[in-house]
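> Quick one: the structure is below, and I'll ask about it shortly.
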Amino acid sequence: MIVPLTHVLILAAILFCLGLGCVLAWSSNVIMLLIGIEIMLNAAMLVFVGGSCQWGMADGQVFALMIIAMTSAEVSLALALVVYLHRRRKTVDVDAFRELRDNETKP
Amino acid sequence: MKLSLELIVLLPLLGSLFNALLGRIVPRRLAETIACAVIWGSFVAALAAARAYSGPVTMEMASWLSAFDFHAPLTLYLDSLSLILCLMITFVCGLIHVYAVGYMQDEPGYCRFFALLNLFVAAMLLLVLAENLPLLYLGWEGVGFCSYFLIGFWYQDPNNATAGRKAFIVTRIGDVGLALAIVWIFQSLGTVSITQVNQMGHSLPLGVITGLGLLMLLGAMGKSAQVPLMVWLPDAMAGPTPVSAQIHAATMVTAGVYLLMRLFPLIGLSATVTAAIAVTGALTAFYGATCALVQRDLKRILAYSTISQIGYMVLGVGVGALTASTFHLIEHAFFKALLFLGAGCVITALHHEQDIFRMGGLRRTLPATFYCFLAGALCLAGLPLTGGFFSKDGILAAVWQQGGLLGGGLYALGLLTALLTAVYTFRMVFLIFGGNEAQGPLASAPLAAKGKPHQTLPSVMQWTLIPLALLGLGGGLLNLPAYLGQGWMAQLLAPLDHGDQHGLSLGVELTLQGLAASISLAGVALAWFRFGGARRAQRLAEAEQPVRGLAAFLLAGWYVDALYRLLFVRPYAWLSGVLWQGVDEGLVDQSFDQMGTLLGRCGQRLGSWSCGRVSIYLLSLSAGAALCIGWFAWGAL
Amino acid sequence: MSGLPILSLLVLLPLAGGLCLLPLGRRPGLAKAVALGFGLVETLLSCACWLASYSPVPSGAPQGFFLFEDYRWIESFGIRYTLGMDGISLLMVILTALVTVLAILVSWRSIHERISLHFMLLLLMESGIMGVFLSLDLFLFYLFWEAMLIPMFFLIGVWGHGRNIYSALKFFLFTLSGSLLMLLAIIGIYLIHGSQSGSYSFALTALTGTALSPATGLWLYGAFLLAFAIKFPLVPLHTWLPDAHTDAPTAGSVILAGLLLKTGAYGLIRFGYPLFADAARILTPLVLAPAVIGILYASWVAFSQKDMKRLVAYSSVGHMGFVALGIAAWTPVALSGAILQMVNHGLTTSALFALVGMLDERARTREIAAFGGLWGKMPMFSFFFMLFAMASAGLPGLNNFVGEFLILTGTFKVAPLATALAFIGVILPLIYTVRLIQKLLFQEERQPLPLSDLNRRELIVMGVLALGAFYLGLHPTPLLDMLKIPVALLIGGMP
């Protein structure tokens, strides 16, 4: 392999952490959450491709393509939800929607 | 013999049951007759037992407590001591029952009264005839309960109920001493049978015997109203007079003396115990006499007098003179019951007036009562040739014979008390019966105004006094001193007596008797000087002044009551409140409650995790994932 | 008679009775009668067991047990359905049956809502308590131990007064926390025994011989002791009792005082000591000290109570302290006295609670200060009250004295100091008893209250109890004889 698997994995891990960081840091904004999730998914895809290269089987790349397709569908649905939620509450702060809490706790 | 013994105890018990269950249904006269008849039947049974008596007899009736090696069956034991006591108890109580029929004739609660009176006699007889200690304890507590209930008989007045309560609690403090002694005896000797305990007593170490003796002395102190547990007896006079006569003069208060006599072969082995008993007795005798000197309430005088006379009996036991003590016990039963019954006559006749400074001239208006009362007073004061003289002198002679510093000191104290006894006795007589009716500013003006000076006394009340008077005066015949012929009682009780009472020489004995006689005559003279004749009116006038100084001290019973209230009663109640509010509700309950609240609050804090905020959930998810990965990474390293 | 599974009948009959009451919600009169019928049949059965003690012992029964049933249940865990009766459980079973009938009769007219449910709960509780006294399999014992709690919780919570929910919760949580630790200990000894002998079993007879290391034994016994100490109750774990008693309805108090407190003592005798003989001996001071403290402390606190029921509740703590003292001494006389005292206390305190309940029913108050002069207004009631109050204070001739005296006699041998202190505890109950009697029965009445004397039902109940009190006080020999063999076996089996 041109690029050792270790490097690929490190890059994927960094990407994953960046994506996680994005999710946690901008937890107030739904769009940023989605972007963060996208980055984490891309990191996973990278691992698949690296693995496929390492073992010379096409399964990893096939799965990477599947991930692309899935994320597109997921993002479109998510954005549609975001538009709908924004119409309801005029905000994209995910913490504003707390209906699924334990009723004893103060809102 | 077996039948007689059973009947002695069973008849009063049956009488009690009859009155308790059926008394209200049957006519009043029938209930009262049954109540009296069972006691007299018991007396007849005791006489039959006396005729058939040829030596100590043990009879097992039924089993009561029996667990492994602990056995306490219902066994009755008849020896000379219990025989004499049975005869005395049944006779005196029989007379008192008849008297009570008259005394309580206006009382609606007569069923309860006679049921309790009978139950009391049954318990007392059981106590005297018991062969083992738990059975004695059964009778012991039984008389205590009856006493409690009878003192508070007129329960509507809180003072009566309180007096009964006081009696029960104070005597129970003593009872606990007895119970502890019983348990200790069982642990040391493996048996609770009195006969066996007395035989085996010498095998115990001296310390154990001393401990047992002191515990039994504690029990006797409670029941027989000795110092320091005597505070209940003066207040117990709140009960009806027949109750005072029966329970608090003739029978229950002698139970303590009986206990000490019964177990003397055991506890007499320790010199400490006998000294303690003797000192207690002498001190109590002195205390009672001093307090009786200044009392105004007739029954209270007699109460303190009882305390004092029982002190004499205890003193006698302490020096080993069991015969003399028994003799004094019997004599005291006669004349003290007589005095109480006479007092009852006086009180009833004067419409329940009990203050002796408001009485007067009764020797003309109640002559029969006067002469009987006088007979009792002569015996109490110990005037020569009365039964009381011989009995008291017997004890004093025995104390003198004891010798040593203790014997001498106790003898002096006993003699002084005899003087005081004569003084207060005749103070009482002169104040009640002396003078004329309407004399002095304290004359019972309301009575004169009523027109009818005296309430008519039921004749039974006066008739029952006569046998007691005769027995009191002639009682000396029961146990004449050695130089006048061998005492009958001494012969009968010889197996019990350990002190060598017959060792006094004739000269010494005559001297001692002479001394005692002169002391009592001097006391009467002193009383005459102060209260007799013309001086009586003076005393009545003085009595209106508030009491001060020494008189106040003696009137309040040396302030022992107040002391106990300060030391025990108030702290007890206060501590009870503190333990309840402070410790139970405060400390223990609060700590559990607070633990519960704490757990509740922790639960709430934990519950605040599920707040519905996605950001928190994401944070938690990532943290958890990081931990898991970290764990596996660590493991892999 | 020999083929009849009488022990299972004893346990399951009240359960069946309770279920029979379910459809009778709209017919309270019939429900009461059915409940009483089941109670009486149960009493007859338990008395019949006394006769069974004279017939030959069934095969397979452990030593001392004259009735025995043993069936397979959950084989894979070694749990068997084992019931057995010896002298001790016989007395407890008879007491249970009698006290339940008393509870039924006492609450005949004082319950006004959900009547059939109330009586059903009484019968279910009887079933649970019977199971506790009869089971010889540890798992089965634990099952019934927990099953006792639930009906009582509902009794206090639904029909109680005052802070009844708080008291019910407190009672439930206290007992449950102890029981859970006991469950752990049960599983512990089960596992230890299994690993030692290869066969896993919850049966008492099998587990009795387990060899335990001293430390393990102490911990396991400690867990058992905690569970039983809460039930006794031993000071300072007693605070659930005054609240539970005061706020419970009369039937609840009667069963609580008469029966539930005894289950703790029984558990200690039947399971605690035989399973952990060494640990029990080492930890004796842990039972002795709270017992003596409880006797003195509870009697002292009872003096200042203003609520009648609370006073009797504290007196219960004091009396059970005596029982604990007798058990801790573990000598034949003391243990016989303790078991006898369990029966006596069940009788006396149930009677006292019943009397207080009768007063409560009539006057709608339990404040002592509201009463006075009852002797004139309610003579029969006062007679019984005086009788049972004196019995409670340990008057000889009545039942409590016998038990107390035997306990003190037996304990003096091994713990003289504790016994001497306990003797002070003989004075203290008298102090609050005579105070209560004076304030209730004597003196003048404080306020005019509509008080009628005992009716026929109450008179019969109290009469029977009074006869029992006199009989047990004057002739306890049959009971003491019944206890000879089991007590000798329990103590003789100890090193």
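Chains as they are written, first to last, in my numbering: chain A, 2 to 108; chain U, 513 to 1149; chain H, 78 to 572.
Positions of the beta carbon are idealized from the N, C-alpha and C atoms, including for glycine.
Can you tell which of Leu544/H, Phe218/H and Thr316/H has the C-alpha that lies nearest to the C-alpha of lysine 247/H?
Taking the first residue of the third sequence as position 1, residue 247/H is located at position 170. Taking only the C-alpha atoms, the option nearest lysine 247/H is Thr316/H.
> Report buried or exposed for aspartate 214/H, applying the criterion of at least 16 other Cβ atoms within 10 angstroms of its Cβ.
In the third sequence, the residue the question calls residue 214/H occupies position 137. Per the 10 Å Cβ criterion, buried.
> At 4 residues or longer, what runs of the alpha helix (DSSP H) sit wholly inside the stretch 348–403 of chain H?
Complete alpha helix (DSSP H) runs here, min 4: 354–359 and 361–379.
> Answer yes or no: does any C-beta atom of chain U fall closer than 8 Å to that of leucine 25/A?
Position 24 of the first sequence, counting from 1, holds the residue named residue 25/A. True, the Cβ-Cβ gap to chain U drops below 8 Å.
> Anyone know if the C-beta pair for leucine 295/H and alanine 245/H falls short of 8 Å?
Here residue 295/H is taken as the residue at index 218 of the third sequence, counted from 1. Here residue 245/H is taken as the residue at index 168 of the third sequence, counted from 1. Going by C-beta atoms, leucine 295/H is not nearer than 8 Å to alanine 245/H.
> How would you list, in chain order, the residues of chain U whose beta-carbon sits under 9 Å from the beta-carbon of arginine 99/A?
Sequence index remark: in the first sequence, residue 99/A carries index 98 (1-based). Correct list: Cys1123, Gly1124, Arg1125 and Val1126.
> Three or more beta-carbon pairs under 8 Å between the stretch 1032–1049 of chain U and the stretch 783–796 of chain U, yes or no?
The stretch 1032–1049 of chain U, when compared against the stretch 783–796 of chain U, does not touch it at the 8 Å Cβ threshold.
> Chain U beta carbons: is any one of them nearer than 8 Å to that of valine 93/A?
Taking the first residue of the first sequence as 1, we reach residue 93/A at position 92. Chain U contact via Cβ: absent.
> Could you tell me how far apart the beta carbons of glutamine 62/A and valine 48/A are, in whole angstroms, since I believe they sit closer than 8 Å?
Position 61 of the first sequence, counted from the start, is the residue given in the question as residue 62/A. Position 47 of the first sequence, counted from the start, is the residue given in the question as residue 48/A. With a Cβ gap of about 12 Å, glutamine 62/A and valine 48/A do not count as contacting.
> Contact between the stretch 173–181 of chain H and the stretch 1125–1141 of chain U: three or more CB pairs below 8 Å?
In short, these stretches do not touch, since the Cβ pair count stays below three.
> For arginine 102/A, go through chain U and note every residue whose CB falls closer than 9 Å to its CB, in chain order.
Working through the first sequence from its first residue, we reach residue 102/A at position 101. By Cβ distance, chain U contributes Ser1122, Cys1123, Gly1124 and Arg1125.
> Can you name the start and end residues of the beta strand (DSSP E) that valine 1081/U belongs to?
Locating residue 1081/U in the second sequence gives position 569, counting from the first residue. Where valine 1081/U is concerned, there is no enclosing beta strand (DSSP E), given that its DSSP letter is neither H nor E.
> Would serine 1088/U count as contacting chain H if we go by Cβ distances under 8 Å?
Along the second sequence, one-based indexing puts residue 1088/U at 576. Output row for serine 1088/U: interface = yes.
> Compare the C-beta of valine 183/H with all C-beta atoms of chain U and state if any pair is closer than 8 Å.
The sequence position of residue 183/H within the third sequence is 106, counting from 1. Closer than 8 Å: no.
> What's the gap between the Cα of lysine 561/H and the Cα of isoleucine 346/H?
If you number the third sequence from 1, residue 561/H lands on position 484. If you number the third sequence from 1, residue 346/H lands on position 269. Approximately 15 Å between the Cα atoms of the pair.
> Where in the stretch 652–705 of chain U do unbroken runs of the alpha helix (DSSP H), each at least 4 residues long, occur, reported from the N-terminal end onward?
Counting only runs of 4 or more, we get 670–701.
> Which chain U residues sit within Cβ distance under 8 Å of leucine 21/A?
Here residue 21/A refers to the residue found at position 20 when the first sequence is read from its first residue. By Cβ distance, chain U contributes Ser1134.
> Is glycine 1112/U close to chain A? Criterion is C-beta to C-beta, closer than 8 Å.
The residue labelled residue 1112/U in the question sits at position 600 within the second sequence. Not an interface residue.
> Using the three-state DSSP reduction, which class does proline 585/U fall into: helix, strand or coil?
Locating residue 585/U in the second sequence gives position 73, counting from the first residue. The answer is strand: DSSP assigns proline 585/U an E or B state.
> Taking CB distances under 8 Å as the criterion, tell me whether alanine 960/U reaches chain H.
Within the second sequence, the letter at position 448 stands for residue 960/U. Residue confidence for alanine 960/U is low, a pLDDT of 40 falling below 50, so the modelled location carries little weight; the figure read from the coordinates is stated next. False, the Cβ-Cβ gap to chain H never drops below 8 Å.
> Let me make sure I understand the geometry here. Which of Glu100/A, Leu101/A and Leu80/A has the alpha-carbon closest to that of methionine 33/A?
Stepping through the first sequence from its first residue, residue 33/A is reached at position 32. Comparing Cα positions, the closest option is Leu80/A.
> Are the C-beta atoms of leucine 1118/U and some chain A residue less than 8 Å apart?
On the second sequence, position 606 is the one that residue 1118/U refers to. No, its Cβ sits nowhere closer than 8 Å to a Cβ of chain A.
> Buried or exposed, going by whether 16 or more other CB atoms sit within 10 Å of the CB of tryptophan 56/A?
Position 55 of the first sequence, counting from 1, holds the residue named residue 56/A. Its Cβ having fewer than 16 others within 10 Å, tryptophan 56/A is exposed.
> Let's test the definition: count the other Cβ atoms within 10 Å of the Cβ of proline 42/H and tell me whether it reaches 16, buried, or not, exposed.
Past the boundaries of the shown model lies residue 42/H; chain H is included only from 78 to 572, so the question cannot be answered.
> To the nearest angstrom, report how far apart arginine 240/H and isoleucine 508/H are at their CA atoms.
Position 163 of the third sequence, counting from 1, holds the residue named residue 240/H. Position 431 of the third sequence, counting from 1, holds the residue named residue 508/H. Roughly 29 Å separates the two Cα atoms.
> Give me the chain H residues within the contact set of tyrosine 667/U, using Cβ-Cβ distance strictly less than 9 Å, ordered along the chain.
Your numbering for residue 667/U matches position 155 in the second sequence. Here the neighbours are Gly450, Trp452, Gly453, Gln515, Leu518, Phe519 and Gln520.
> Ignore the nearest five residues each way along the sequence and tell me which others in proline 553/H's own chain have a CB closer than 8 Å to its CB.
As a position in the third sequence, residue 553/H is number 476, starting the count at 1. Here the set comprises Leu417, Asn476 and Val479.
> With DSSP as the reference, identify every bridge partner of methionine 162/H, one or two as the case may be.
To locate residue 162/H, count along the third sequence from 1; it is residue 85. Note: methionine 162/H sits in a beta bridge opposite Leu144/H.
> Glutamate 119/H lies in the alpha helix (DSSP H); which residues open and close that run?
In the third sequence, the residue the question calls residue 119/H occupies position 42. Residues 105–129.
> With DSSP run on the structure shown, which of helix, strand or coil describes lysine 455/H?
Residue numbering aside, residue 455/H sits at position 378 when the third sequence is read from its first letter. As written in the sequence, residue 455/H is methionine, which differs from the lysine given in the question. Here methionine 455/H sits in coil by DSSP.
> Alpha carbon to alpha carbon, how far is valine 24/A from serine 1132/U?
In the first sequence, residue 24/A corresponds to position 23, counting from 1. In the second sequence, residue 1132/U corresponds to position 620, counting from 1. Going by the C-alpha atoms only, they are around 12 Å apart.
> Kindly indicate which three-state DSSP category threonine 570/U falls into: helix, strand or coil?
In the second sequence, residue 570/U corresponds to position 58, counting from 1. Strand, per DSSP.
> In terms of alpha-carbon separation, which member of Leu363/H, Pro351/H and His396/H lies closest to leucine 373/H?
The sequence position of residue 373/H within the third sequence is 296, counting from 1. Among Leu363/H, Pro351/H and His396/H, the Cα nearest to that of leucine 373/H belongs to His396/H.
> What is the residue span of the alpha helix (DSSP H) that valine 331/H lies within?
As a working mapping, residue 331/H is identified with position 254 in the third sequence. Looking at the DSSP string, the run of the alpha helix (DSSP H) that includes valine 331/H is 327–332.
> Residues of chain A with CB under 8 Å from leucine 1079/U, in chain order?
What you label residue 1079/U is simply residue 567 of the second sequence in a count that begins at 1. What leucine 1079/U touches in chain A: nothing, since even the nearest Cβ is about 57 Å away.
> Starting from histidine 840/U, follow the alpha helix (DSSP H) in both directions and report where the run begins and ends.
By one-based count along the second sequence, residue 840/U stands at place 328. Here the alpha helix (DSSP H) through histidine 840/U covers 834–861.
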